[in-house]
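First comes the structure, then the notes that go with it.
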Amino acid sequence: MTALPHVFEPSGPVPAPPAGRTWEGLMDMALALARKGASAGETPVGALLAGPEGHVLAQAHNAPIRLHDPTAHAEILALRAAGARLHNYRLNNCTLIVTLEPCPMCAAALVHARVGGLVFGAADAQAGAVISRAEYLDVPFCNHKVWHMGGIRAQACADLLRDFFAARRAAG
16 MTALPHVFEP SGPVPAPPAG RTWEGLMDMA LALARKGASA GETPVGALLA GPEGHVLAQA
76 HNAPIRLHDP TAHAEILALR AAGARLHNYR LNNCTLIVTL EPCPMCAAAL VHARVGGLVF
136 GAADAQAGAV ISRAEYLDVP FCNHKVWHMG GIRAQACADL LRDFFAARRA AG
């Protein structure tokens, strides 16, 4: 991973965290999910979707290996679970908290789900589609804008990924 700054300029005014929560506390929950994924042999990315009242609507970790599904990224699984719970694919006024900057597929899904905001931990210099390699959430032709902020617990998120891949390389 190429080193990027740990705190990124928000896309605009960032709303306060959902009621009774902090961005750091929510990211700690996402990190716990990422660790659970790592324990299952999946790339350690965790995501949760918080409603405006502070409750967690859905949570997930990466699971493409277990599910035999290349789209089973933590963000996609959390969006699917929240949509099923609410009986609505539109997740207005919700915020996705994820340990790694979303890829193009996940960034596009945030727009289509009408998620209000995105908070991510570590930047992804290889495939990040929010600030690192592309700016999918800021393209002028999208009919929905998602505010975004990165760098929350960035070092812990990056360390988890680095350690996971170092262990895999060492194991052969």
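With the numbering used here applied, the sequence shown has no gaps in its numbers, which climb one by one up to 187 at the end.
Note that CB positions come from ideal geometry on N, CA and C, so glycine has one too.
- About 6 Å separates the CB atoms of alanine 62 and leucine 111; that is less than 8 Å, so the two are in contact.
- When the alpha-carbon of glutamine 170 is set against those of Pro59, Cys109, Gly136, the nearest one is in Gly136.
- When the five nearest sequence neighbours on each side are left out, the beta carbons in the same chain lying within less than 7 Å of the beta carbon of proline 85 are those of Pro79, in order along the chain.
- Apart from the 5 residues on each side of it in sequence, valine 134 sits with its Cβ closer than 8 Å to the Cβ of Trp38, Leu41, Met42, Thr110, Leu111, Ile112, Val113, His163, Met164, Gly165, Ile167 in its chain, given in chain order.
- Listed in chain order, the non-local C-beta contacts of proline 33 below 7 Å within the same chain comprise Ala65, Gly66, Pro67, Glu68, Gly69, Thr110, local neighbours out to five positions each way being set aside.
- Taking the Cα of glycine 98 as reference, the smallest distance to any Cα among His127, Val145, Leu176 is reached at His127.
- In terms of CA proximity to glycine 35, Val71 leads the group Ser54, Pro28, Ala47, Val71.
- By the neighbour-count criterion, in which 16 or more other beta carbons inside 10 Å mark a residue as buried, proline 59 falls on the buried side.
- Here DSSP, grouped into helix, strand and coil, assigns valine 134 to strand.
- Straight through space, the alpha carbons of valine 130 and proline 30 are spaced by roughly 13 Å.
- Taking 8 Å as the upper bound for CB-CB distance, alanine 93 and glutamine 74 are in contact here, some 6 Å apart.
- In this structure leucine 175 does not touch alanine 87 by the C-beta definition: roughly 19 Å separates them, more than the 8 Å allowed.
- Sequence-distant partners of alanine 47 (beyond 5 residues in either direction) whose C-beta falls short of 8 Å from its own C-beta, in its chain, are Gly61.
- In terms of CA proximity to glycine 132, Arg105 leads the group Ala96, Asp178, Ala173, Arg105.
- Where glycine 40 is concerned, the enclosing alpha helix (DSSP H) starts and stops at 38-54.
- In this structure, the alpha-carbon of arginine 177 lies about 14 Å from that of glutamine 141.
- Nearest in C-alpha terms to leucine 115, of all of Ile91, Ala173, Val161, is Ala173.
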